[in-house]
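Peer 1: Before we start, here is the structure in question, set down as structure tokens.
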Amino acid sequence: MSSLTITRIANVLEAQFKGAIDMSDQAKHSADTQRACLLSRSLAALVIRSLAQVDTSVAGAAVTDTYNDGGLDAIHFDPRTDTLFLVQAKWSAVGNARLDDVAANKFLAGIRDLLAGNFDKFDTKIRAKEPEVRSVLESQRPIRLRLVSVHTGTQPSPPHVLRKFDEFVNELNGGVPVASFEEFDQAGVYGLITAETVAPKIKLQVVLNDWGLIEQPYLAYYGKVHLSNVASWWEEHRNFLFAQNLRLYRSSDVNSALESTLSKAPENFWYFNNGITVICDSVTKSLAGAPDRKLGLFNCDGVSVVNGAQTVGTVGTIVGAILGGEDPEAAFVQVRIISLEKCPPDFARQITRATNLQNAVGNREFAGMDPLQHRLATDFTLDGRRYVYKAGEPDPKGEEGCGIVEATQALASERSVALAVQVKREIGAIWADTDGPPYTEIFNDGLSTAKLWRAVLVMRAVDEELHRLKASSTPRAGLVATHMNRIVLHFVFQDPEVRRSFNGPDDAASLSAAARAATGPIFAKVATYLGEKHPNDYLAGFCKNVRKCEELARAYDAPEDPEPGSQPDLWSNVLLSL
């Protein structure tokens, strides 16, 4: 692109972000230096505004660029999609700015420090965001990390530099997709600006197989759409597809079920999925296609997906990887296309509301159909307590009883490291199949209400103690207490005194006291191990990684006193240091 493109980008950025970004730290610099700094910061703000779909003032407030920013030029959390945006920006008036080794290493080191909660390594702008970022990092919700590099270079960053980010993202994901990386070069920046300036409505070309038509009272078409067609929608438009939807794409148990069907039996996807509803300003059938209704090509203007956001997002995110580039003929989803041309003014909102009020059956509801859950609820009643296993009814508190979520968390953590990881990673997967493991490992005919209730008591005692320990001086105390809570709980269940009390005749108070007493030392050991072996790991990802957690467990189970002449393992060193 030409120097004219750079000039246009600069003029737009300056006009839109001047006054919205804090420049007080640049007051002593020359006018040219201040302008270059403003443009670099504006690039970061532009990315936040475009990708997070926020206004200019919010995007400007996200800018964290200072001398000691760790390469993090903007930080923003989007609560609608539970996404944390981390941006590095580089401006060059001659179009030669792009990531080199130094900039990439600085950005990656800054991300590691942020995820590890090392806020003392940053300047005041990032430290001012510490409460918000900590609350995000310590959240139990599945947070997404979106790492972005933006620059005005005419070429992408070198392959070996981009490879650093691919490797880092793979490390963070560890089998669970929590992080992504993308780069915007000069052409990408220009695309962001022109997209915002023109604000075009989305146009889609939809290929309907075995299609049908409804003409009255309002025009609509329906039929089967190949998943590769749906994936192309997501690839091009992302969450902009869902501008009128009540919810954007986000991770969920439902998405995991979609992924399972795609990977194991894509030919069944049409049968198992509720389908997608699209509304558009107008729809016209192209002359191309089969003369009958086997195949039709439809041009849709002003498109919004009002139901099926999770289907579109999941298909677009994983279909390429799962299908391995193949194009199975049977992989379809049902799609409805409703034209608003002759509809009442409020009809689009009515469609959106009505289609989203349909209650999807989740994995918890499947577990609720298991007769064993009904038996547990009946036995709890005989014990003078309540056990809630069906969705919609509030869970009991305290001595009143418990619900299936608490029961699953406690019993799974007592059972094994792998199941303790599973309840952190995706508890709904345990309920997906009530006829086999992992569900039957913890919910089976041998389970008594006494064991279930005592397991919940242990978990509650451990959680109370971990909540107190969040404020301790232990490094990364809040992150360890939040994300490693079920691994700590598993170790507490293995404590000899807790095990004796759990399996014995001790009353509830004694059992809870034993669990609380064991929690502190175990918490300290786990935190020390993580500090020694994984000082910069993103713990929200670590706790969902079976391999890493089982390595921790093996270190925990290793003998404290090594054989004469042998070297003590790391966990022994941890124990000796306490």
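Here the sequence shown is numbered in this note's numbering, starting from -18 and rising by one per residue.
Ideal Cβ positions, reconstructed from N, Cα and C, are used throughout, including at glycine.
Quantities reported herein were computed from a predicted structural model and do not represent experimental measurements.
Let me know the secondary structure DSSP gives alanine 290 once reduced to three states.
Peer 2: Looking at alanine 290 - three-state DSSP - the assignment turns out to be helix.
Peer 1: Output the boundary residues of the alpha helix (DSSP H) element that contains valine 437.
Peer 2: Note, valine 437: alpha helix (DSSP H), 430 to 450.
Peer 1: Are the region 240 to 250 and the region 159 to 175 touching, with three or more C-beta to C-beta distances below 8 Å?
Peer 2: No, the region 240 to 250 does not touch the region 159 to 175.
Peer 1: Using a 10 Å radius around the Cβ and a threshold of 16 neighbouring Cβ atoms, would you call serine 493 buried or exposed?
Peer 2: Label assigned to serine 493: buried.
Peer 1: So for lysine 371, helix, strand or coil by DSSP?
Peer 2: Coil, per DSSP.
Peer 1: Could you check if glutamine 197 is buried or exposed, using at least 16 other CB atoms within 10 Å of its CB as the buried criterion?
Peer 2: Answer is exposed; the Cβ neighbour count stays below 16.
Peer 1: Which residues mark the beginning and the end of the alpha helix (DSSP H) in which phenylalanine 483 is found?
Peer 2: Where phenylalanine 483 is concerned, the enclosing alpha helix (DSSP H) stretches over 477 to 484.
Peer 1: Given 8 Å as the limit, is there contact between the region 64 to 71 and the region 120 to 130, that is, 3 or more CB pairs closer than that?
Peer 2: Yes: at least three Cβ pairs fall under 8 Å.
Peer 1: At what residues does the beta strand (DSSP E) containing phenylalanine 162 begin and finish?
Peer 2: Counting along the chain, the beta strand (DSSP E) containing phenylalanine 162 begins and ends at 160 to 165.
Peer 1: For alanine 269, which residues in the same chain have their Cβ closer than 7 Å to its Cβ, ignoring the five residues on either side in sequence?
Peer 2: If we look at alanine 269 and ignore the five residues flanking it on each side, its Cβ neighbours are Leu278.
Peer 1: Could you give the residue range of the beta strand (DSSP E) that holds lysine 184?
Peer 2: Counting along the chain, the beta strand (DSSP E) containing lysine 184 begins and ends at 184 to 195.
Peer 1: Start and end of the beta strand (DSSP E) containing alanine 536?
Peer 2: Taken as a continuous stretch (DSSP letters only), alanine 536 belongs to no beta strand (DSSP E), being part of the alpha helix (DSSP H) at 527 to 538.
Peer 1: Which term fits tyrosine 519, buried or exposed, when burial requires 16 or more other beta carbons within 10 angstroms of its beta carbon?
Peer 2: It counts as buried.
Peer 1: Can valine 187 and cysteine 324 be called in contact, C-beta distance under 8 Å?
Peer 2: Not in contact: valine 187 and cysteine 324 (Cβ atoms no closer than 8 Å).
Peer 1: Mind checking which residues open and close the beta strand (DSSP E) that includes threonine 258?
Peer 2: Note, threonine 258: beta strand (DSSP E), 257 to 261.
Peer 1: At 3 residues or longer, what runs of the beta strand (DSSP E) sit wholly inside the region 34 to 95?
Peer 2: Listed in chain order, the complete beta strand (DSSP E) runs (minimum 3 residues) inside the region 34 to 95 are 55 to 59, 64 to 71.
Peer 1: Is it true that the CB of glycine 52 sits closer than 8 Å to the CB of lysine 87?
Peer 2: Yes, these two residues count as a Cβ contact at 8 Å.
Peer 1: In chain order, what residues of the same chain lie with their CB nearer than 6 Å to the CB of phenylalanine 146, ignoring the 5 residues before and after it?
Peer 2: So the qualifying residues of the chain are Phe162.
Peer 1: What residue from Val469, His355, Cys261 has the CA that sits closest to aspartate 426's CA?
Peer 2: Taking only the C-alpha atoms, the option nearest aspartate 426 is His355.
Peer 1: Would you report the Cα separation of lysine 525 and alanine 505, rounded to the nearest angstrom?
Peer 2: In a straight line, the C-alpha of lysine 525 is about 20 Å away from that of alanine 505.
Peer 1: DSSP three-state label for glutamine 390, please.
Peer 2: Looking at glutamine 390 - three-state DSSP - the assignment turns out to be helix.
Peer 1: Do isoleucine 260 and serine 285 count as a contact pair if the criterion is CB distance below 8 Å?
Peer 2: In this structure, isoleucine 260 lies closer than 8 Å to serine 285 by Cβ.
Peer 1: Could you check which residue in Cys383, Asp351, Thr295, Ala348 has the C-alpha nearest to that of threonine 362?
Peer 2: Checking every option, the nearest Cα to that of threonine 362 belongs to Cys383.
Peer 1: What's the gap between the Cα of lysine 275 and the Cα of glutamine 331?
Peer 2: One C-alpha to the other measures close to 31 Å.
Peer 1: Run through DSSP, which three-state label would threonine 175 get?
Peer 2: Three-state result, threonine 175: helix.
Peer 1: How close, in whole Å, do the beta carbons of arginine 79 and proline 137 come, if the pair is a contact with beta carbons under 8 Å?
Peer 2: Between proline 137 and arginine 79 the Cβ distance is about 7 Å, and since that is below 8 Å, they are a contact.
Peer 1: Would you report the Cα separation of valine 159 and glutamate 513, rounded to the nearest angstrom?
Peer 2: One C-alpha to the other measures close to 24 Å.
Peer 1: Could you check where the alpha helix (DSSP H) with aspartate 147 kicks off and where it finishes?
Peer 2: Its alpha helix (DSSP H) spans residues 140 to 154.
Peer 1: For aspartate 376, which residues of its own chain have a beta-carbon under 6 Å away from its beta-carbon, when the five flanking residues on both sides are left out?
Peer 2: Here the set comprises Val369, Gly384.
Peer 1: One question on the structure: do alanine 97 and proline 516 come within less than 8 Å of each other, judged by their Cβ atoms?
Peer 2: In contact: alanine 97 and proline 516 (Cβ atoms closer than 8 Å).
Peer 1: Looking at the structure shown, is serine 267 part of a helix, part of a strand, or coil, going by DSSP?
Peer 2: Strand.
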